[in-house]
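There are 2 protein chains.
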Amino acid sequence: MKSNSLFKGSLTTIILTLLEQNDKMYGYEITQKVKEIANNLKITEGALYPALHKLEGDDLLTVSIEKVGNRNRKYYSLTENGKEETVNKLNNLKDFIEQMQLILNTKLATQ
Amino acid sequence: MKSNSLFKGSLTTIILTLLEQNDKMYGYEITQKVKEIANNLKITEGALYPALHKLEGDDLLTVSIEKVGNRNRKYYSLTENGKEETVNKLNNLKDFIEQMQLILNTKLATQ
DNA sequence: TTTAATACATAAGAGTTTTAGGTATATTTG
DNA sequence: CAAATATACCTAAAACTCTTATGTATTAAA
Chain A
1 MKSNSLFKGS LTTIILTLLE QNDKMYGYEI TQKVKEIANN LKITEGALYP ALHKLEGDDL
61 LTVSIEKVGN RNRKYYSLTE NGKEETVNKL NNLKDFIEQM QLILNTKLAT Q
Chain B
112 MKSNSLFKGS LTTIILTLLE QNDKMYGYEI TQKVKEIANN LKITEGALYP ALHKLEGDDL
172 LTVSIEKVGN RNRKYYSLTE NGKEETVNKL NNLKDFIEQM QLILNTKLAT Q
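Those sequence lines, one after another, are chains A and B. Mind the numbering: the first sequence is residues 1 to 111 in the working numbering, read in order. Mind the numbering: the second sequence is residues 112 to 222 in the working numbering, read in order.
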């Protein structure tokens, strides 16, 4: 694993969580937001857009297109299913960290 | 992501860390150890053995075969490179958790 | 006016894990 | 004792996720 690559599944968790916090966001905005607050986690567009399309297809996100100037932005928002799945994803992440702590026998993070 | 699946890259981190703690272990023993201490993280043999072979090929592990009864066990141990890589993997994991905390704006784990 | 930033997208390839087998020995249980 | 389970190794096809490499087009900055 390269040092700056994401752990499997975390991209979806990040997208859902940001949308929980921000109500609606468009793809490019998500990449910039992550770059801004978490310098070592780089979300590439090649990963992001397919992930957004999949989440939409799974009825976790809805899209609304807004025309800004002469350009289209696709704003994504959580559906009800999406809100539930966000909770699940966060629980999965917490579980994962707890399980890793058991194996490593280490306090991994306290912020 | 299924709720009990591992995060990308964590399998290698688990293997290396267990070998740091235990000096030498064989594959099946690793699966049992993980099952014992972390009930929600299931290591499948289909993932484990190729991972062990790769770590050996990358000169992070060495193998010694021991005959137990009429059966061969392949004991794995960390090489010097393996010890260094273990440190790196743990740092990567800590980094990942810190970065996720920044995004989630949450204290993820305190043990 | 050329470059960088914004904003979307896809497609080939790499890497990891799951699923589904396979082989063989050793131990437990009915 | 026979059958089932546990131990112990293994591989290969498929699924899944991310990287890398492009592509298109508009807008802003140098």
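Backbone N, C-alpha and C define an ideal beta-carbon position, used for all residues, glycine too.
N151/B: contacting residues in chain A (beta-carbon distance under 7 angstroms)
D95 and Q99
Is L78/A helix, strand or coil when you go by DSSP?
strand
Taking all protein chains shown into account, decide if N92/A is buried (16 or more other Cβ within 10 angstroms of its Cβ) or exposed.
buried
Could you name the residues that DSSP lists as bridge partners for E66/A?
DSSP lists R73/A as partners of E66/A.
Which first and last residues belong to the alpha helix (DSSP H) in which A149/B is found?
Looking at the DSSP string, A149/B is not in any alpha helix (DSSP H), and its letter there is neither H nor E.
With a threshold of 8 angstroms on Cβ separation, who are the neighbours of I65/A within its own chain once the five nearest residues in sequence on each side are excluded?
N72, R73, K74 and Y75
Inspect the CB distances between the segment 157-174 of chain B and the segment 120-138 of chain B and report whether three or more fall short of 8 angstroms.
yes
Looking at L215/B: is its Cβ nearer than 9 angstroms to the Cβ of T62/A?
Not closer than 9 angstroms, so no.
So, with DSSP's three-state summary, where would you put L172/B?
strand
Determine the contact status of L78/A and E20/A, defining contact as a CB-CB distance below 9 angstroms.
Cβ atoms of L78/A and E20/A: closer than 9 angstroms.
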